[in-house]
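Asks: Which chain is which? The protein sequence lines are A and B, in order.
So the working numbering is basically just the index in the first sequence, starting at one, shifted up by 38.
So the working numbering is basically just the index in the second sequence, starting at one, shifted up by 38.
By construction, the Cβ of each residue, glycine as well, lies at the ideal position given by its N, Cα and C atoms.
Number of protein chains: 2
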Amino acid sequence: MIFVPASVSCIFSPSYGKDAKSSGSIGVGFTLDLGIFAEISENILFNQRTIDFPTVNYVLKKTGLKGVNIKSQLPLGCGFGISGASALAAALLSEKFSYIEAADLAHEAEVANLTGLGDVGNQTFGGVVVRKNAACPSALSFEKFYFDVELDFLVIGELSTKEVLKENRSEIKNEGRIWTKEFLKKPTLENLFHCSYQFANRTGLIEYVDDVVEAVISSGGLASMIMLGKSVFAYKGFEALSEFGRPFKAKISCCGVRWVEGCSNSKQIGRFAER
Amino acid sequence: MIFVPASVSCIFSPSYGKDAKSSGSIGVGFTLDLGIFAEISENILFNQRTIDFPTVNYVLKKTGLKGVNIKSQLPLGCGFGISGASALAAALLSEKFSYIEAADLAHEAEVANLTGLGDVGNQTFGGVVVRKNAACPSALSFEKFYFDVELDFLVIGELSTKEVLKENRSEIKNEGRIWTKEFLKKPTLENLFHCSYQFANRTGLIEYVDDVVEAVISSGGLASMIMLGKSVFAYKGFEALSEFGRPFKAKISCCGVRWVEGCSNSKQIGRFAER
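1) Return the residues of the stretch 172 to 184 of chain B that lie within a Cβ-Cβ distance of less than 8 Å from chain A, sorted by chain order.
2) Which of the three DSSP states is assigned to Gly159/B in this structure?
3) What does Gly62/B reach in chain A if we use C-beta pairs closer than 9 Å?
4) Name the chain B residues that come within less than 8 Å of Glu297/A, Cβ to Cβ?
5) For the putative contact between Ser61/B and Ala144/B, defined by C-beta atoms under 8 Å, what is the C-beta separation to the nearest angstrom?
6) Less than 8 Å between the CB atoms is what I'm expecting for Phe75/A and Ile290/A, so what's the real figure, rounded?
7) Within the continuous beta strand (DSSP E) that includes Val167/B, where are the two ends?
8) Can you name the start and end residues of the beta strand (DSSP E) that Cys233/B belongs to?
9) Please list the residues of the stretch 114 to 137 of chain A that have a C-beta atom closer than 8 Å to any C-beta atom in chain E, keeping them in chain order.
10) Which residues in the same chain have their Cβ closer than 7 Å to the Cβ of Ile255/B, if we skip the five residues on either side of it in sequence?
11) Quick check on Thr69/B: does DSSP put it in helix, strand or coil?
12) For chain B, find out if any of its Cβ atoms is closer than 7 Å to the Cβ of Cys293/A; answer yes or no.
13) Let me know if Glu299/A comes out buried or exposed under the rule of 16 or more other beta-carbons within 10 Å of its beta-carbon.
14) Can you find at least 3 beta carbon pairs, one from the stretch 76 to 93 of chain B and one from the stretch 219 to 238 of chain B, that sit closer than 8 Å?
15) May I have the straight-line CA-CA distance separating Leu331/A from Gly73/A, to the nearest angstrom?
16) Can you name, in chain order, every residue of its own chain whose Cβ lies under 7 Å from the Cβ of Ser121/A, other than the five neighbours on each side?
17) Do the stretch 43 to 50 of chain B and the stretch 279 to 287 of chain A touch if we need at least three Cβ pairs shorter than 8 Å?
18) Quick one: list the residues of chain A neighbouring Val165/B, beta-carbon separation under 7 Å, in chain order.
19) Let me confirm a value: Asp249/A is counted as buried when at least 16 other C-beta atoms fall within 10 Å, else exposed. Which label applies?
20) How is Val298/B classed by DSSP in three states: helix, strand or coil?
21) So, does the stretch 259 to 274 of chain A touch the stretch 180 to 191 of chain A, judging by three or more C-beta pairs under 8 Å?
22) Which of the three DSSP states is assigned to Asp96/A in this structure?
23) Residues in the same chain with beta-carbon distance under 6 Å from Ser176/A, minus the five sequence neighbours each way, listed in chain order, please.
24) Does the stretch 50 to 57 of chain B come within contact of the stretch 213 to 220 of chain B, defined as at least 3 CB pairs closer than 8 Å?
25) Would you report the Cα separation of Lys104/A and Ser110/B, rounded to the nearest angstrom?
26) In three-state DSSP terms, what is Gly74/A?
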C-alpha cells in the first residue's frame, strides 16, 4: 500500500505553457503527515464509495490499471491536494514508470482537469516546497524547507479551482509571484503565514474565509486561507477555529510519498474527509 | 545554505550501462539526519581544508561554479555517501538545473569517478530507499519506507569503492539482487539488518568488519556492514561498538535535501568526520 501526503498550497501563481509539462504554478505549499493510502483494485473507490474521479481516470487510462482503492484522511475539493495525491498514487502503483515519470503523469492529469497546478510537485518531494518555476516535477526548480510544527485546520466548504481561476487570474498570477519571493527572503513559519495572508488579501480570495481567519488572528494565532478551498490553516488557532466548525490538527511532514505495510492509522480514515 | 543527508548503503548490486544515466545500483540504503551543509565559495573546501575532490570538480565544471564550501558531519570514503552529497549540493547550488537534472548530474559525477552508484538516488528522495533499477535519479524506480529509529555507527577505516568493485563484482551483483528482493518481501528494520548481513556475509565483504559485527550481535543487538566502508551500522549496539572505537548515533531521516538558514548543529561539524 502506498501513502501520498496531503498538500496545502499557501501562495500560488498559475502559469499555462504549451503543454502540461510546462504548466503549473510558482508558489509555496507544504505536505502533511495526513494524506491518502491507496492500493490497486478493480475500480475507483474513494473511502469505500465509487466516485467519478476524472484526474485518476486520466492516469488509469495511461497505466492500464482498472482502478485504485483510495482511503483518504482528508476531503476532496477543499484544498488538500487529494486529487493530486490520488493521481500520483495511481501512477506509482502501476509500476510502469520511474518515480519521476509517474509524478509527471500525475501532474499532467491535474493540469488537464484543472484540479491542481502545484500539489503534485509538493507531494513528489515533500516538505515546505517553494516552486520557483511553473513546471512538471521533472522540470521543477524548488527550494525545500522543513518546519517541525503541528498546525490547525478547518474545512468550511469546497471551492472549485476551475471556477476561481476563471476570474482575476492575472491578479493571482502577479501577487503569487510577489509573495513567493517575499517568503524566500525569510523562510520562516511566521513569514509563511504573513505572505500567504497578504496574497489571499490582495487577490480578494480571503473573502471566502475572512471571518474565520480574522477570528484566529484576533485570538493571538496565525492563520491564512488554503489555496484553493474554503479552508483555513492556522498556528495556535484550534480554539478560535472551533467556533466555526470542527478543526483538526496535522503536522507539516517532509517525508513525502512512502510505501506502508497497511494504513497505520486506519481510525483516521475519513475522519476529516466528511463534513 | 543547503543540507544534503548522508546515505548509508546496506545492500547493492552494481550495474554499468551504456552511459551514466543507465548505470547505478539496485539495492537498499537509507538517509540520515546527519550529512553535509554547503554553500557557494571561491574554491572547494571540505571542513575548512582545501582538498582534491574529483566528484565535486566534475559537477563544478558543468555548472560554472568556482567552488563549494562543504561542512560535513561525517567522513569521506567511509560509506556515508559524502561524495554524492557534496556533488548533489554543488549541482543544486548552481541553480542551473531543475532538481532532478541536478540529481542526474551528481549521479553522473559519482559513476564517472566510481565513488558511488546508489547514494545520490537515496539522497535525492530520502528515507529507506529500495532502488529497483540501476539508473540515474530521473529514471529510478524505487520504493521508499521510513523507520523512525536511532541507530549506532562506528567508522573503522576507509575503503575504496573502486578497489572493491574490481574484485568479486559478479558475486556482489548476484547477491545484491537476491537480498534486495528478500528485503522487499518484509520491509522491516529487523529484516533490513538480516538481509544486509546475509549480503555482506555471502559476498565476503563482511571480513572487513566481522569482529565488530559479531560483537554487536553476540551482545543482543543488530549489526551489519556499511557499503562501502570499513564501517558498521547497528541497532542497540552502542556499547559493543565502543569496544572498538568511538561510535556515534544518528536517526534514519526521510526529510532528504533541504535548504537551511545556517548549519543548525554546527557543533557537530567534523565531530564524526575525523577519526
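Replies: Taking the structure as given:
1) Ala173, Pro175, Ser176, Ala177, Leu178, Ser179, Phe180, Glu181, Lys182, Phe183 and Tyr184
2) helix
3) What Gly62/B touches in chain A: nothing, since even the nearest Cβ is about 12 Å away.
4) Checking the sequence shown, residue 297/A turns out to be Trp, not Glu. Going along chain B in sequence order, the residues near Trp297/A (Cβ under 8 Å) are Glu181, Lys182, Phe183 and Pro225.
5) Rounded, the Cβ-Cβ distance is 13 Å, inconsistent with contact.
6) That pair is no contact at about 19 Å.
7) Val166 to Arg169
8) Run containing Cys233/B: none in the beta strand (DSSP E); it sits in the alpha helix (DSSP H), Leu227 to Arg240.
9) Among the chains of the structure shown, chain E does not appear; the protein chains present are A and B.
10) Ala261
11) strand
12) yes
13) exposed
14) no
15) Residue numbering for chain A in the displayed model covers 39 to 313; residue 331/A lies beyond these limits and cannot be assessed.
16) Thr93, Leu114, Glu148, Thr153 and Gly154
17) no
18) It is Gly, not Val, that sits at residue 165/B in the sequence shown. Correct list: Cys293 and Arg296.
19) exposed
20) coil
21) yes
22) One detail in the question is off: residue 96/A reads as Tyr in this sequence, not Asp. Correct three-state label for Tyr96/A: helix.
23) Ile138 and Asp142
24) yes
25) 48 Å
26) Looking at the sequence itself, residue 74/A is Ile, so the reference to Gly does not match. DSSP places Ile74/A in strand when its eight states are reduced to three.
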